[in-house]
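Q:
Protein chains: 2
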Amino acid sequence: MTVYEYLLSYQIKPSVQRIAIMDYLLKHKTHPSIDEIYIALCKDIPTLSKTTVYNTLKLFVEHGAAKLLTINEHNACFDGETAPHGHFQCKYCGKIYDIPLAFDREVSEKLETKGFQIEETNLYYKGACPQCAENNVKEQ
Amino acid sequence: MTVYEYLLSYQIKPSVQRIAIMDYLLKHKTHPSIDEIYIALCKDIPTLSKTTVYNTLKLFVEHGAAKLLTINEHNACFDGETAPHGHFQCKYCGKIYDIPLAFDREVSEKLETKGFQIEETNLYYKGACPQCAENNVKEQ
DNA sequence: TTTAACTTTGTAATTGTTACAATTTTATTT
DNA sequence: AAATAAAATTGTAACAATTACAAAGTTAAA
């Protein structure tokens, strides 16, 4: 399936900019920020506006084609992977890792019994990734 | 234990401002923002500066006496409850509820086996709280 | 009591994000 | 194909949350 068709499957009208941004999201599993996407795509689309990147990602999130991550307190990150999963952010290098989201249904079921309607779940771990953990040990 | 002693137990040197802010956090389990705290305490401490509220909460978080919540994309919220637990934020009224954090150890253990050092865990549910869920149904 | 260290304060700067009007592009109708 | 309408993109300006920083105030130590 092309990115063009992929956008259509989420009821999003494709455009050059939208295709480029979704393509970037699908090919770069780095949970990029607005700036990362903007800087990367400016080379191919020199007229690209940062506002368009903001608008487009908002649109993607509204249509369920991308997920907004609030794991980083300084700026929003985006994930093109829509299947449920969690994240681990290294406090030292900042990298965000995907992790399986395989926790107990018990809690969410209990919430739903009480009348809470869960629309999304975010699981964020923070700490030291293997590389940084090793480096820190060596420094000490 | 007084708030004064409580701060000391976290290696935080007490001051009028720090005591007032921690007292507010401990008495108001509403996961307040900087502004909420600032506005509430200005009545008692008219000279209070918003910068002090920022500095103080940063200090609390560094010392483990408060937890920073990034559940709200527009501004930071703070939680004086340090025991591990998750949160549910209603997308309609904005209220944040505490929920038990009783999910599988399996995932975190697997991460630790791979060399990840987990320092904190954040579980954020979002959706409709019981009240808002009911109101929405009635409107439709 | 003097000095040093730390805390608080207010202002200004910075940064991420949003509002908005003008322009450009795309789709529709004639 | 031309005219019109609708939608998307752009750039600038506004906004809001946060941080930097220097001055003033407070507390602790000598």
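Listed in order, the protein sequences are those of chains A and B.
Using our numbering, you'd call the opening residue of the first sequence number 592 and step up by one each time.
Using our numbering, you'd call the opening residue of the second sequence number 592 and step up by one each time.
Every residue, glycine too, gets a C-beta built ideally from N, C-alpha and C.
Helix or strand or just coil, what does DSSP make of residue 614 of chain A?
A: Residue mapping note: residue 614 of chain A aligns to position 23 of the first sequence, counting from 1. Here residue 614 of chain A sits in helix by DSSP.
Q: Excluding the five sequence neighbours on either side, which residues of its own chain have a C-beta within less than 6 Å of the C-beta of residue 652 of chain A, listed in chain order?
A: Translated into positions along the first sequence, residue 652 of chain A becomes position 61. Once the five neighbours on either side are set aside, the close Cβ partners of residue 652 of chain A are 659.
Q: Checking contacts by CB at 9 Å: is residue 685 of chain B closer than that to chain A?
A: If you number the second sequence from 1, residue 685 of chain B lands on position 94. No - not a single Cβ of chain A is within 9 Å of the one on residue 685 of chain B.
Q: Could you please tell me which residues of the segment 611-643 of chain A, in chain order, have their CB closer than 7 Å to any CB of chain B?
A: Hits within the stretch: zero.
Q: Nearest-angstrom Cα distance between residue 678 of chain A and residue 701 of chain B?
A: In the first sequence, residue 678 of chain A corresponds to position 87, counting from 1. In the second sequence, residue 701 of chain B corresponds to position 110, counting from 1. Their Cα atoms are separated by approximately 14 Å.
Q: For a quick check, are the C-beta atoms of residue 717 of chain B and residue 680 of chain B less than 9 Å apart?
A: Walking along the second sequence from the start, residue 717 of chain B turns up at place 126. Walking along the second sequence from the start, residue 680 of chain B turns up at place 89. Cβ atoms of residue 717 of chain B and residue 680 of chain B: closer than 9 Å.
Q: Quick one, which residues of the segment 646-657 of chain A are near chain B if we go by CB-CB under 9 Å, in chain order?
A: Of all residues in the segment 646-657 of chain A, none has a Cβ within less than 9 Å of some Cβ in chain B.
Q: If you draw a straight line from the C-alpha of residue 613 of chain A to the C-alpha of residue 637 of chain A, how long is it?
A: Numbered from 1 along the first sequence, position 22 holds the residue referred to as residue 613 of chain A. Numbered from 1 along the first sequence, position 46 holds the residue referred to as residue 637 of chain A. Answer to the nearest angstrom: the Cα atoms are 17 Å apart.
Q: DSSP puts residue 677 of chain B in a beta bridge; with which residues?
A: Taking the second sequence and counting its residues from 1, one reaches residue 677 of chain B at position 86. DSSP lists B:690 as partners of residue 677 of chain B.
Q: Could you tell me whether the Cβ of residue 667 of chain B comes closer than 9 Å to any Cβ of chain A?
A: Indexing the second sequence from 1 puts residue 667 of chain B at position 76. Cβ-Cβ to chain A under 9 Å: yes for residue 667 of chain B.
Q: Kindly indicate which residue of A:689, A:634, A:635, A:696 has the alpha-carbon position closest to the one of residue 671 of chain A.
A: Residue 671 of chain A sits at position 80 when you count from the first residue of the first sequence. Nearest option by C-alpha distance: A:689.
Q: With which residues is residue 624 of chain B paired in a DSSP beta bridge?
A: Start at 1 with the first residue of the second sequence, and residue 624 of chain B comes out as number 33. Answer is B:668.
Q: For my contact list, residue 599 of chain A and residue 657 of chain A are in at a C-beta cut-off of 8 Å; report their separation, rounded to the angstrom.
A: For the purposes of this step, residue 599 of chain A is taken as residue 8 along the first sequence, with counting starting at 1. For the purposes of this step, residue 657 of chain A is taken as residue 66 along the first sequence, with counting starting at 1. No, residue 599 of chain A and residue 657 of chain A are not in contact; Cβ-Cβ is about 15 Å, not under 8 Å.
Q: What is the DSSP secondary structure of residue 630 of chain A, reduced to helix, strand or coil?
A: The count along the first sequence starts at 1 and reaches residue 630 of chain A at position 39. Note: residue 630 of chain A maps to helix in three-state DSSP.
Q: Taking its Cβ as the centre, do 16 or more other Cβ atoms sit within 10 Å of residue 675 of chain B, making it buried, or is it exposed?
A: Residue mapping note: residue 675 of chain B aligns to position 84 of the second sequence, counting from 1. Classification of residue 675 of chain B: exposed, given that the 10 Å Cβ count is below 16.
Q: What does the alpha-carbon distance come out to for the pair residue 655 of chain A and residue 673 of chain A?
A: Numbered from 1 along the first sequence, position 64 holds the residue referred to as residue 655 of chain A. Numbered from 1 along the first sequence, position 82 holds the residue referred to as residue 673 of chain A. Answer to the nearest angstrom: the Cα atoms are 7 Å apart.
Q: Can you list the residues of chain B that residue 661 of chain A reaches, using a CB-CB cut of under 7 Å?
A: Position 70 of the first sequence, counting from 1, holds the residue named residue 661 of chain A. Simply 661, 662, 664.
Q: Could you give the residue range of the beta strand (DSSP E) that holds residue 714 of chain A?
A: Within the first sequence, the letter at position 123 stands for residue 714 of chain A. Note, residue 714 of chain A: beta strand (DSSP E), 708-719.
Q: For a contact defined as C-beta to C-beta under 9 Å, what are the partners of residue 715 of chain B on chain A?
A: As a first step, residue 715 of chain B is located in the second sequence; it is residue number 124 there, counting from the start. 661, 711, 712, 713, 714, 715, listed in chain order.
Q: Within 9 Å of any Cβ in chain B, is that where the Cβ of residue 690 of chain A sits?
A: As a working note, residue 690 of chain A is residue 99 in the first sequence. Output row for residue 690 of chain A: interface = yes.
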